[in-house]
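Report on the following structure.
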Amino acid sequence: MAKQKEIHFIFNGKEIKGIEGQPIAAALFNNGIRAIRQCEVTGEQRGVYCGIGHCFECRATVNGIPGIRTCLTLIEENMIVTSNLAGVQNDEV
Amino acid sequence: MMKCDVVIIGAGPAGLTASIELALKGLQVVIVDENYRSGGRLLGQLYEDRRKKRVWAGKIIAKDLADKAKALSVKFLFDTSVWKIEDKKVFLSNEVVKVIEAKAILLATGAIEKALPIPGWQKVGVVTVGAAQTFTNLHNVKIGQNVIFVGIDPLSISVAIEMKHAGVNVKGLFLPPTTNLLNQKCNPKEVLESVASAAGMATNPIYRLGGKFVHGAYTKLLLHLLKYKQLKINGIPIYFRKAVTQINGRAEVQSVNVRSLKIDGEVTEVEKTLHVDTVCLSGGLLPLIDLSQLANCVIIDIPELGGFVPLHNEHLKTTVEGIYVAGNITGIEGAQVAMAQGKLAARSILREFNLSSENEISVAFNEIEKARILSPITFLPEIRKGRQIMRDKWEEYLKR
Ligand SMILES: Cc1cc2nc3c(=O)[nH]c(=O)nc-3n(C[C@H](O)[C@H](O)[C@H](O)COP(=O)(O)OP(=O)(O)OC[C@H]3O[C@@H](n4cnc5c(N)ncnc54)[C@H](O)[C@@H]3O)c2cc1C
Ligand code: FES
Numbered sequence: 001m002a003k004q005k006e007i008h009f010i011f012n013g014k015e016i017k018g019i020e021g022q023p024i025a026a027a028l029f030n031n032g033i034r035a036i037r038q039c040e041v042t043g044e045q046r047g048v049y050c051g052i053g054h055c056f057e058c059r060a061t062v063n064g065i066p067g068i069r070t071c072l073t074l075i076e077e078n079m080i081v082t083s084n085l086a087g088v089q090n091d092e093v
Numbered sequence: 001m002m003k004c005d006v007v008i009i010g011a012g013p014a015g016l017t018a019s020i021e022l023a024l025k026g027l028q029v030v031i032v033d034e035n036y037r038s039g040g041r042l043l044g045q046l047y048e049d050r051r052k053k054r055v056w057a058g059k060i061i062a063k064d065l066a067d068k069a070k071a072l073s074v075k076f077l078f079d080t081s082v083w084k085i086e087d088k089k090v091f092l093s094n095e096v097v098k099v100i101e102a103k104a105i106l107l108a109t110g111a112i113e114k115a116l117p118i119p120g121w122q123k124v125g126v127v128t129v130g131a132a133q134t135f136t137n138l139h140n141v142k143i144g145q146n147v148i149f150v151g152i153d154p155l156s157i158s159v160a161i162e163m164k165h166a167g168v169n170v171k172g173l174f175l176p177p178t179t180n181l182l183n184q185k186c187n188p189k190e191v192l193e194s195v196a197s198a199a200g201m202a203t204n205p206i207y208r209l210g211g212k213f214v215h216g217a218y219t220k221l222l223l224h225l226l227k228y229k230q231l232k233i234n235g236i237p238i239y240f241r242k243a244v245t246q247i248n249g250r251a252e253v254q255s256v257n258v259r260s261l262k263i264d265g266e267v268t269e270v271e272k273t274l275h276v277d278t279v280c281l282s283g284g285l286l287p288l289i290d291l292s293q294l295a296n297c298v299i300i301d302i303p304e305l306g307g308f309v310p311l312h313n314e315h316l317k318t319t320v321e322g323i324y325v326a327g328n329i330t331g332i333e334g335a336q337v338a339m340a341q342g343k344l345a346a347r348s349i350l351r352e353f354n355l356s357s358e359n360e361i362s363v364a365f366n367e368i369e370k371a372r373i374l375s376p377i378t379f380l381p382e383i384r385k386g387r388q389i390m391r392d393k394w395e396e397y398l399k400r
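Chain order of the listed sequences is D and C.
Letter by letter, the first sequence follows residues 1 to 93 of the UniProt record's numbering.
Letter by letter, the second sequence follows residues 1 to 400 of the UniProt record's numbering.
And the structure:
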């Protein structure tokens, strides 16, 4: 495969490496992160479901703008992605 | 307000092909798509037939079509949803362009996936078969280590094979439980027959099902045998006699409960646990018709086409003046058919501008059946019957 440009961004305080042209959710998957947010009602974790922008399960706050679908939004250098999962310990993974 | 000759909603294979055909004749065309790039469902398609060394790489086909369209000055508006259509005006979610007024509108919005709500389906690690396809083939991401599919149909079989090629351990395809009232296709016999006839109709270079399935009277016998013997496609077990009844895991998927099915689909008591980290749900596809409803097109239910679809003539004109349809919005078929329909719809539109002949229209019409025959995947076994019903309903509509 052709040489691809590395992109660095932050997800809930952690630096993540991705490749140019990848949506946020794909870069997170490649770094072993599948849980993106927490359900406001049940507290259950949520991640990608439809992968195509229909379900909004993958939403996060991107550079201060809430409700952004991470399956449709491409990563950019120094992008700050946060969600209500910040600080939640996941003892299972 | 922006003005143009034709506005196309959906930059999938149908919309892209139509845009090229229209722009070649000098029309001003704008394509609107809510995704960040063009290609629609074509983007995730990647089949390899190693024996024949044939590859269908949707990403590349989509790029070629988009490049051609751009070279012909077709204008693209991405990240933009259409939310209303009224009197040849299309209303957009775009900050800059809020309304486009066009002389003709082509709806090429494609299909959506039906939900398959089995207990635990909201957990992290449960995705639709479409998401699995997109992440595997387009984003080159392994969405899990140990994966199963719930729902046995041509799409789940095809995506399972693609994932296995990508190095994922695909542990098998299962049925959803029969108790799931939202989905009737969980009776082993019906599912086997439907997969067998879809396999028998298409040329299927991909999953070479020939010989694996037996038609008619033999299906029952085969189902009996399948209780003891597994059926495998490309090394992936297909469990026509097992259903996934529950997905478990505290935060993320850790296992599923599997129960055997009687031939009529009744779930038995014995339950086994299977350790997996990812579940792909395949509940089938539905034409995405919301915009045709908003535009007041007459809608009819033709199960052979996949459900409710806008009524249209064989040249893809709807009941509303100036509104045309192409691709999966007219019924669930493969990408080649969507492209052929895009061309036909464009020529029908060009007819309104006196820029195409009856002959050009009939040539494009005949190309649809050719594309159908060549399609490597057949979603609905009775698609031709569905198309015929549509023609009959249109005749009835004209006589009303
Ligand atoms: C999950 C899934 C997997 C599939 N896999 C295969 C396969 O492997 N092989 C195959 O041959 N076929 C497959 N298909 C069938 C597929 O629909 C066709 O191959 C083909 O892509 C249909 O083309 P289209 O142009 O009609 O729609 P699509 O390719 O679906 O394109 C429709 C476009 O319209 C856009 N859109 C929809 N509504 C709006 C709106 N309101 N505003 C703005 N934009 C909108 C969408 O973002 C999308 O880009 C699959 C379909 C689905 C849903
Ligand atoms: S996964 Fe459904 S919108 Fe992103």
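Quick reminder that beta carbons are idealized off the backbone N, C-alpha and C, glycines included.
Everything numeric in this text was worked out from a predicted model, so none of it was measured.
Classify residue i as buried or exposed, calling it buried when 16 or more other Cβ atoms lie within 10 Å of its own Cβ.
i: residue 55 of chain C; result: exposed
i: residue 139 of chain C; result: buried
i: residue 96 of chain C; result: exposed
i: residue 372 of chain C; result: buried
i: residue 19 of chain C; result: buried
i: residue 12 of chain C; result: buried
i: residue 41 of chain D; result: exposed
i: residue 279 of chain C; result: buried
i: residue 130 of chain C; result: buried
i: residue 83 of chain D; result: buried
i: residue 215 of chain C; result: Unreliable placement is indicated for residue 215 of chain C, whose pLDDT of 49 sits below 50; no coordinate value is reported for it.
i: residue 211 of chain C; result: Low local confidence applies: a pLDDT of 46 at residue 211 of chain C is under 50, so the model's placement there is unreliable, and no value is given.
i: residue 239 of chain C; result: buried
i: residue 86 of chain D; result: exposed
i: residue 92 of chain D; result: Residue placement at residue 92 of chain D cannot be trusted, given a pLDDT of 43 that sits under 50; the coordinates are not used to answer.
i: residue 312 of chain C; result: buried
i: residue 83 of chain C; result: exposed
i: residue 24 of chain C; result: exposed
i: residue 50 of chain D; result: buried
i: residue 202 of chain C; result: Because the pLDDT at residue 202 of chain C is just 43, under 50, the model does not fix this residue reliably, and the point stays unresolved.
i: residue 272 of chain C; result: exposed
i: residue 14 of chain D; result: exposed
If the cut is a Cβ gap below 8 Å, which residues of chain C does residue i touch?
i: residue 52 of chain D; result: 35, 130, 131 and 134
For residue i, which residues in chain C fall below 7 Å Cβ to Cβ?
i: residue 66 of chain D; result: Near residue 66 of chain D there are no residues of chain C at all, since even the closest Cβ is about 17 Å away, more than 7 Å.
i: residue 29 of chain D; result: 135, 141 and 143
i: residue 26 of chain D; result: 135, 139 and 141
With which residues is residue i paired in a DSSP beta bridge?
i: residue 255 of chain C; result: C:248 and C:275
i: residue 310 of chain C; result: C:299
i: residue 402 of chain C; result: No answer is possible for residue 402 of chain C: the residues shown for chain C start at 1 and end at 400.
i: residue 23 of chain D; result: D:74
i: residue 237 of chain C; result: C:232
i: residue 86 of chain C; result: C:89
i: residue 8 of chain D; result: D:17
i: residue 2 of chain C; result: C:100
i: residue 158 of chain C; result: Residue 158 of chain C is not bridged to any residue.
i: residue 172 of chain C; result: C:148
Compute every distance between the C-beta of residue i and the non-hydrogen atoms of ligand 3, then say whether any falls below 6 Å.
i: residue 377 of chain C; result: Annotation note on ligand 3: not contained in the displayed structure, which lists ligand 1 and ligand 2 as its ligands.
Q: Using a Cβ-Cβ cut-off of less than 9 Å, give me the residues of the region 136 to 156 of chain C that come near chain D, in sequence order.
A: 138, 139, 140, 141, 142, 143 and 144
**Q.** Under 7 Å (Cβ pairs) to chain C, residues found in the region 31 to 53 of chain D
**A.** 34, 35, 44, 45, 46, 47, 48, 49, 50, 51, 52 and 53
Q. Between the region 2 to 14 of chain D and chain C, which residues of the former have a C-beta closer than 7 Å to a C-beta of the latter?
A. none
Q: Could you list the residues in the region 104 to 126 of chain C with a C-beta less than 8 Å from some C-beta on chain D, going in chain order?
A: 112, 113, 122, 123, 124, 125 and 126
Q | Residues proximal to ligand 2 by C-beta, any heavy atom closer than 6 Å | A | D:48, D:49, D:50, D:51, D:53, D:54, D:55, D:56, D:57, D:58, D:69 and D:71
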